[in-house]
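Residue numbering for the sequence shown follows this note's numbering, starting at 834 and increasing by one per position. Backbone N, C-alpha and C define an ideal beta-carbon position, used for all residues, glycine too. Values in this document were obtained by computation on a predicted structure and should not be read as measured data. Working notes for the structure below.
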Amino acid sequence: MQVGLSTKLLGYVMAGVLITSAAIGVVRVQNERGPLNDLIGKSGQSVANATASGAASLVAGFDYGNLEILAANVARQANVIRVIVRNQNDRVMAQASGEAAGAYKRFESPVVFDGQTIGSTMVDVSTDALETALNDLYWRVFIEQLVFGAILGLIVYFFTASGIVSPIRKLTTAMEEAVEKGDSFVARDLEVKSRDEIGRLVSVFNTLNKSLASYHRQLHSKIDLANQELRDKNIQLGGRTLELENALDLVNTMATTDWLTELPNRRKFDETLSRMFHQSERFAEEITLVLFDIDRFKLINDSHGHGAGDEVLRDIGTLLRLHVRKSDVPARLGGDEFGIVLYHTNCEQAERFVEILMEGVRAHAFHYDGFQL
834 MQVGLSTKLL GYVMAGVLIT SAAIGVVRVQ NERGPLNDLI GKSGQSVANA TASGAASLVA
894 GFDYGNLEIL AANVARQANV IRVIVRNQND RVMAQASGEA AGAYKRFESP VVFDGQTIGS
954 TMVDVSTDAL ETALNDLYWR VFIEQLVFGA ILGLIVYFFT ASGIVSPIRK LTTAMEEAVE
1014 KGDSFVARDL EVKSRDEIGR LVSVFNTLNK SLASYHRQLH SKIDLANQEL RDKNIQLGGR
1074 TLELENALDL VNTMATTDWL TELPNRRKFD ETLSRMFHQS ERFAEEITLV LFDIDRFKLI
1134 NDSHGHGAGD EVLRDIGTLL RLHVRKSDVP ARLGGDEFGI VLYHTNCEQA ERFVEILMEG
1194 VRAHAFHYDG FQL
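What follows is the structure, encoded as structure tokens:
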């Protein structure tokens, strides 16, 4: 079979363009691979640093409960496999595992409190996302370069074909102008200088250009109308969502808080005591439970009314909040009964705490309706 000159020219042009595209693709892959590796490294180290910063005060205060919560929250982040927090003796204080798995990179960061290193955090970050991104990059570059090479080869071939260079150039210019200007592009007819295939192509382009301009106007009009309706719906939905969130917050607060003293109620106290008891067993830390009631409380109610009794309960709640630490849990159990869980506290320390609390209660002046009780 005899091969024509046009076919040979097309073959040579396509071969050269495809080889060039392959070389460009290799360079692109090398240039983009580095930033992807840097991104996963910066992201992982950022998570480790942020975890160390958030754990500093918790490690210093031996707050195992909140450390566990912090570790669990970090582990729930995408691509996090494991989170471990250690103290300065390399003892594990909290750890959690995420849903990610597979190959990983490990990032560590010191836990610094008041200028001193008191521990460390270790975060294992999955590299599956990096591998997926690299595979996607390989395929994307391959397909882009293949398509680019084929299109470029055809354009070069058509530009070198005798008799059609000028019309093709005009068509390309008009198309590029339409793409660059987008919505602001004003359709204009190209001059038809011949009645052959190129002339007919120009005529079809002119017709298509006008149709597209009309379609763009109609489409944007519909989009503007739809966007306005969507904005209105979003405003309505946002208001309802806020109302629901506020209602849920109120219900949750009412379910776990004593309305009179604003302390945790019996339900919240029991849940917290159970959790802290298991933590103390797990980490061999001491906790102390303090229970007390108010002497002559019934006499106050009978002599001055329930309003006076409520005022006394509120004052006791205030005194408890002033004397306990952030890690301790005071609560009103019911009536004039109160309870306190003292975290990381032995019996001797608890006795001293009770003495200080009793001194504060004795020194406090309880008033109701302008009279001292």
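- The C-alpha of leucine 1153 is placed about 13 Å away from the C-alpha of aspartate 1126.
- Counting only runs of at least 3 residues, the segment 1017–1105 fully encloses no beta strand (DSSP E) element at all.
- Annotation for glycine 1142: Phe1130, Ile1133 and Asn1134 place their beta carbon closer than 7 Å to its own, counting only its chain and skipping 5 residues before and after.
- Of the candidates Asp957, Val859, Ala888 and Arg939, Ala888 places its Cα closest to the Cα of alanine 927.
- Taking all protein chains in view, the Cβ of threonine 884 is crowded by 16 or more other Cβ atoms within 10 Å, so the residue is classified as buried.
- Following the DSSP letters along the chain, one finds valine 918 in no alpha helix (DSSP H) but inside the beta strand (DSSP E) bounded by residues 913–920.
- Lysine 1131: not part of any beta strand (DSSP E); member of the alpha helix (DSSP H) spanning 1130–1137, first to last residue.
- Between proline 1097 and the set Glu1119, Thr853, Leu1166 and Arg1115, the nearest pair of CA atoms involves Leu1166.
- The residue among Pro943, Val907 and Ile914 with its C-alpha nearest the C-alpha of glutamine 921 is Pro943.
- The beta-carbon separation of glycine 1172 and glutamate 1095, rounded to 16 Å, does not stay under the 8 Å limit for a contact.
- When DSSP states are grouped into helix, strand and coil, histidine 1200 belongs to the strand group.
- The C-beta distance from histidine 1137 to tyrosine 1201 rounds to 6 Å, short enough to fall under 8 Å.
- Cβ neighbours of glycine 982 within its own chain (closer than 6 Å, five residues either side excluded): Val850, Leu851 and Ser854.
- Histidine 1177 is positioned such that its CB atom lies no closer than 8 Å to that of glutamate 1114.
- Our two residues, arginine 939 and glutamine 878, have alpha carbons roughly 9 Å apart in a direct line.
- Around the beta carbon of leucine 1077, fewer than 16 other beta carbons lie within 10 angstroms, which makes this residue exposed.
- Per DSSP, reduced to three states, the secondary structure at threonine 950 is strand.
- At a Cβ-Cβ threshold of 8 Å, leucine 1155 and valine 1123 do not count as neighbours.
- Cβ-Cβ distances below 7 Å link methionine 955 to Ile917, Arg939 and Glu941 in the same chain, with the five nearest sequence neighbours on each side left out; the list follows chain order.
- Judged by DSSP secondary structure, alanine 904 falls within the alpha helix (DSSP H) whose first and last residues are 897–908.
- The residue from Phe895, Ala881, Ile902 and Leu891 with its alpha-carbon nearest to that of asparagine 912 is Ala881.
- For valine 1162 against phenylalanine 1102, the beta-carbon gap comes to about 7 Å, under 8 Å, which counts as contact.
- Partner residues in the beta bridge of serine 959, as assigned by DSSP, are Tyr937.
- DSSP places glutamate 932 outside any beta strand (DSSP E), giving it a letter other than H or E.
- Between tyrosine 937 and aspartate 957, the C-beta gap is smaller than 8 Å, which places the two residues in contact.
- Per the coordinates, the alpha-carbon of tyrosine 971 lies some 20 Å from the alpha-carbon of glycine 874.
- Look at glutamate 1188 here: in three-state DSSP terms it is helix.
- Looking at the backbone, the Cα of tyrosine 897 and that of threonine 965 are separated by about 36 Å.
- A residue is called buried when at least 16 other Cβ atoms come within 10 angstroms of its Cβ; glutamate 901 meets this threshold and is buried.
- Rounded to whole angstroms, the Cβ separation of phenylalanine 975 and alanine 893 is 53 Å, and the two are not in contact under 8 Å.
- Across the set Asp923, Ala908, Gly948 and Gln949, the C-alpha of Ala908 shows the shortest separation from the C-alpha of glutamate 932.
- Between the alpha carbons of alanine 1196 and lysine 1159 lies a distance of about 23 Å.
- Collapsing the DSSP output to three states places aspartate 1143 in a helix.
- Cβ atoms of serine 930 and isoleucine 914 come within 8 Å of each other, at about 7 Å.
- One Cα belongs to phenylalanine 1038, the other to histidine 1049, and the distance between them is close to 16 Å.
- For valine 1174, the enclosing beta strand (DSSP E) starts and ends at 1170–1176.
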